[in-house]
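To keep things clear, I will list the structure first and then write my remarks on it.
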Amino acid sequence: MGFWSFLIIFCFLSFYIHWYGTTKALKINEDITKGSKLPSLPSYYGTYSLLWLLLPSSIILICWFFFKPYIIDIFLKESIPLSLVDNFKGNPSMLMDTIKATNPEKIFPGTNPLIIDSAAYYQTLTTNSDSYVFLLVLVVGLISSLVSLRKVSTFFRARQAVEKANINLLIFCSVIAIITTIGIVFSLIFEAVRFFERVPFFDFLFGLAWSPQTAIREDQIASQGSFGAIPIFTGTLLITLVAMAVAIPVGLLSAIYLAEYARPTVRKTFKPILEILAGVPTVVYGFFAAITVGPFLKDFVSSLGLSMASESALAAGGVMGIMIIPFISSLSDDVITSVPTSLRDGSYAMGATKSETIKKVILPAALPGIVGAILLAISRAIGETMIVVMAAGIAANLTANPLEAVTTVTVQIVTLLVGDQEFDSAKTLAAFALGITLFFVTLLLNLYALKIVQKYRERYE
Amino acid sequence: MKETVKIKSKKLNVFYGEKKALSNINLEIPERKVTSLIGPSGCGKSTFLRCLNRMNDSIEICKVEGQIFVDEQNIYEKNLDPVLLRARIGMVFQKPNPFPKSIFENVAYGPKIHGLANSGDELNNLVEVSLKKAGLYDEVKDRIDEPGTSLSGGQQQRLCIARAIAVSPEVILMDEPCSALDPIATAKIEELIDELSKNYTIVIVTHSMQQAARVSNQTAFFHMGSLIEVGKTEDVFSMPKEKKTQDYITGKIG
Chain A
1 MGFWSFLIIF CFLSFYIHWY GTTKALKINE DITKGSKLPS LPSYYGTYSL
51 LWLLLPSSII LICWFFFKPY IIDIFLKESI PLSLVDNFKG NPSMLMDTIK
101 ATNPEKIFPG TNPLIIDSAA YYQTLTTNSD SYVFLLVLVV GLISSLVSLR
151 KVSTFFRARQ AVEKANINLL IFCSVIAIIT TIGIVFSLIF EAVRFFERVP
201 FFDFLFGLAW SPQTAIREDQ IASQGSFGAI PIFTGTLLIT LVAMAVAIPV
251 GLLSAIYLAE YARPTVRKTF KPILEILAGV PTVVYGFFAA ITVGPFLKDF
301 VSSLGLSMAS ESALAAGGVM GIMIIPFISS LSDDVITSVP TSLRDGSYAM
351 GATKSETIKK VILPAALPGI VGAILLAISR AIGETMIVVM AAGIAANLTA
401 NPLEAVTTVT VQIVTLLVGD QEFDSAKTLA AFALGITLFF VTLLLNLYAL
451 KIVQKYRERY E
Chain B
462 MKETVKIKSK KLNVFYGEKK ALSNINLEIP ERKVTSLIGP SGCGKSTFLR
512 CLNRMNDSIE ICKVEGQIFV DEQNIYEKNL DPVLLRARIG MVFQKPNPFP
562 KSIFENVAYG PKIHGLANSG DELNNLVEVS LKKAGLYDEV KDRIDEPGTS
612 LSGGQQQRLC IARAIAVSPE VILMDEPCSA LDPIATAKIE ELIDELSKNY
662 TIVIVTHSMQ QAARVSNQTA FFHMGSLIEV GKTEDVFSMP KEKKTQDYIT
712 GKIG
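Protein chains in written order, with my numbering: chain A, 1 to 461; chain B, 462 to 715.
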């Protein structure tokens, strides 16, 4: 049985089981002449039996999906003739891979006929085992749903049972999201641990030089790369600072204008326009930074008699700041408008002007929310990659001068992993160490931001 | 003894967009007395109150015609600064609205923005006197730096009254100041109103006829945007001249 025929039969069976359960409940209702009818609507009994079809089937299918390779490997290993194992140059797992990679219909000339036989066996094994599992699914599902229907009686509340199943489905879905996050963290940790086996932890965290080169030949000159991440961290910090120096004042002041001074019509037009800024792909910002802003700043700075690299932290940070403006302005605008009108009225009634009210009452009241918005914006800035690749370069300079080229954590991760890499060299593994550092920093920032935003919510409720 | 008139409205009409909220209100409010404004919901009594310190200015669609005189000066004159007017006419709102600052800072807010205190000591003194006048000082003197929002509802409302009187206004407007409070807190505020009326002109909007009868010297009854009847409180409640007033105080309308 192939996959598609299985799917069609399974759908048909699902409809049938639902219909059968419903009809059975209807019939029981008709037969009850005295006393109360079934406690739930007939369709709930149909849904209940359908659940008993879906649950075992999906469990079997998921298990099969995960264990299929192992089970097939066991069968394949037993079938390989001993003479083939003895003659093969290489270890047994390489032999298995060769067999799996061989297509018995398109044979490379000179292939060992024993391998071809095994490959053919492997292919029938795969398709046949699938058919058996599909058949098993149908049979088990049918039996369990039919058995579940024996429960239909006036004592059984199918509605509550379906409700419970719904709750479990919701729990399952939210658990998937959490498990995925945990999985990401663990995969990062395992790779990072492998990196720290090669490069000491403190050399990575506090080293002052970053040049992630590893030798191709053993006797190469300067074969040992250095993996001190300080220049990358300072580069990230520098660009984030420049970005925030642009985004915080502009974003906050425009939020104040929109929330307090702008007429409703102006607000309705301006806010979406600002939010469009957030929808522009970062690559486009990258062009803008590299082609327009970078050269402009370079000309401007050299007219002042200073020198500036054509790729600079200033250009990248500045454009990143523009990208982040809508984050700060939109969130702060929401926070400022949610300050209760009664506070404004109270201040006006004291004879305060509008700007006094904003400075002394509204901003202090909205401050926690605004700080939360800024922290979220910072973690966005730290994670930004594209603009920095295009406008700030990839050279890991240890500098605090925004006119020079610097690099950031995310950019280094990209450059380390782009291209052909062996996945056991320190160079590639360094990306994971950087990744986990970045993950923890943004995680802490986000947690802190959420906590502050939470505190703010409680204040007026 | 002839009472001095503190506030006088002349042919006052107020519109919210197309809707007329108040029509032709002529009302005199005597100095250092309590005037209560009563009437069913939506009758325009709060609108009238908010006209007296031009709080309606912030509502865009609100249009005011006619004149209101405070001490013979028309407050709707073109070159009058509403910010200065509001320093003379304080206001207490329906829901206590202390600023999210300390108790001290709440009371010091007005004096600070108007530059009423020349030194720290003077400011401390002013805050203390205002809190005492509002009958709150003994309850909060040990926690004057705690946030104003940590007080109970009744205390918060008295804090708002202290905040209003810290700038030494001549008039205090109160917009249903007890509607969010329990009976005990209400009784305290009513006592306070009585006490304050020795020095301030008070205009209070209230839903409770008992409260109007207890605290006010003069009562004005509003209905459907018009001023139906105004007179001494005991007269209005014991022998109303208008049928509508009688219907309202006996519970037939409202």
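Positions of the beta carbon are idealized from the N, C-alpha and C atoms, including for glycine.
Problem set entry | Contacts around Lys268/A, its chain only, beta-carbon distance under 8 Å, and the 5 residues preceding and following it disregarded | none
Problem set entry | Uninterrupted alpha helix (DSSP H) stretches inside the segment 561–637 of chain B (no shorter than 4 residues) | 564–575, 581–594, 598–601 and 614–626
Exercise. Is there a Cβ from chain B that is less than 9 Å from the Cβ of Ser338/A?
Worked result: no
For this session: Return no unless some Cβ of chain B is closer than 9 Å to the Cβ of Thr265/A.
Result: So, not an interface residue.
Problem set entry | Buried/exposed call for Asn166/A, threshold 16 Cβ in 10 Å | Sixteen is the threshold: since fewer than 16 other Cβ atoms of the shown chains lie within 10 Å of the Cβ of Asn166/A, the residue is exposed.
For this session: State the Cα-Cα distance for the pair Phe196/A and Leu438/A, rounded to the nearest angstrom.
Result: 16 Å
Problem set entry | Three-way DSSP call (helix, strand, coil) for Met670/B in this model | When DSSP states are grouped into helix, strand and coil, Met670/B belongs to the helix group.
Exercise. Considering only the beta carbon of each residue, do Phe134/A and Phe227/A sit closer than 9 Å?
Worked result: no
For this session: Measure the alpha-carbon distance for Glu656/B versus Asn485/B and round it to whole angstroms.
Result: 33 Å
Problem set entry | At least 3 beta-carbon pairs within less than 8 Å: the segment 325–339 of chain A vs the segment 253–260 of chain A | yes
Exercise. The beta strand (DSSP E) spanning Gln412/A covers which residue range?
Worked result: Segment Val409 to Leu417 is the alpha helix (DSSP H) holding Gln412/A; no beta strand (DSSP E) there.
Exercise. My guess is that Pro364/A and Pro701/B are in contact by the Cβ rule of under 8 Å, so how many angstroms apart are they, rounded?
Worked result: In fact, because the Cβ distance is near 48 Å, the residues do not count as touching under 8 Å.
Exercise. With 16 as the cutoff for other CB atoms within 10 Å, does Ile291/A come out buried or exposed?
Worked result: exposed
Exercise. Residues in its own chain within less than 8 Å of Ile189/A by CB, not counting five upstream and five downstream?
Worked result: Ile436
For this session: Go through its chain and collect everything with a Cβ distance to Ala289/A's Cβ below 7 Å, but skip five positions before and after it.
Result: Ala315, Ala316, Val319, Ile387, Met390 and Ala391
Exercise. Within 9 Å (strictly less), CB to CB, does Ile650/B reach chain A?
Worked result: no
Problem set entry | Host alpha helix (DSSP H) of Gln160/A (start-end) | Judged by DSSP secondary structure, Gln160/A falls within the alpha helix (DSSP H) whose first and last residues are Ala158 to Arg198.
For this session: Report yes or no: is there a C-beta of chain B within less than 9 Å of the C-beta of Thr353/A?
Result: yes
For this session: Helix, strand or coil for Ala482/B, going by three-state DSSP, please let me know.
Result: Strand.
For this session: Rounded to whole angstroms, what's the CA-CA distance from Leu510/B to Arg344/A? Just pull it up for me.
Result: 17 Å
For this session: Between the Cα of Cys523/B and those of Lys704/B, Thr508/B and Ile689/B, spot the shortest distance and give me the residue it belongs to.
Result: The shortest C-alpha separation from Cys523/B is found at Thr508/B.
Exercise. Chain A beta carbons: is any one of them nearer than 9 Å to that of Asn517/B?
Worked result: no
Exercise. So which of Ile115/A, Met244/A, Gly369/A and Ser58/A has the shortest CA-CA distance to Gly141/A?
Worked result: Comparing Cα-Cα distances from Gly141/A to each of Ile115/A, Met244/A, Gly369/A and Ser58/A, the minimum goes to Ser58/A.
Problem set entry | Coil, strand or helix - Val441/A by DSSP | If DSSP states are grouped into helix, strand and coil, Val441/A belongs with the helices.
Exercise. Can you list the residues of chain A that Phe560/B reaches, using a CB-CB cut of under 9 Å?
Worked result: Leu343, Gly346, Ser347, Lys360, Val361, Pro364 and Ala365
For this session: State the beta-bridge partners of Pro491/B as determined by DSSP.
Result: Val466/B
Exercise. Can you tell which of Asn487/B, Gly576/B, Glu690/B and Val553/B has its C-alpha closest to the C-alpha of Cys639/B?
Worked result: Val553/B
For this session: Might you give, ordered along the chain, the residues of its own chain that have their beta carbon closer than 6 Å to the beta carbon of Ala278/A, omitting 5 neighbours on each side?
Result: Pro326
Exercise. Given Thr126/A, which residues of its chain have a CB within under 8 Å of its CB, disregarding the five upstream and five downstream residues?
Worked result: Contacts found: Ile72.
Exercise. Alpha carbon to alpha carbon, how far is Phe432/A from Ala192/A?
Worked result: 5 Å
Problem set entry | is_contact[Arg624/B, chain A] using C-beta, thresh 9 Å | At least one CB atom of chain A sits nearer than 9 Å to the CB of Arg624/B.
Problem set entry | Leu238/A and Thr410/A closer than 9 Å at C-beta | no
Problem set entry | Neighbourhood of Leu53/A by C-beta, 8 Å cutoff - its chain only, sequence neighbours within 5 removed | Leu13, Ser14, Ile17, Gly141, Leu142, Ser144 and Ser145
Exercise. Where Gly21/A and Gly183/A are concerned, what is the direct C-alpha to C-alpha distance, given to the nearest angstrom?
Worked result: 40 Å
For this session: Tell me, to the nearest whole angstrom, how far the beta carbon of Phe565/B is from that of Val588/B; I am working on the premise that it is less than 8 Å.
Result: Contact flag correct, Cβ pair sits at about 6 Å.
Exercise. Hey, does Lys556/B have any beta-carbon neighbour from chain A nearer than 9 Å?
Worked result: Taking Cβ atoms only, chain A reaches closer than 9 Å to Lys556/B, which makes this a yes.
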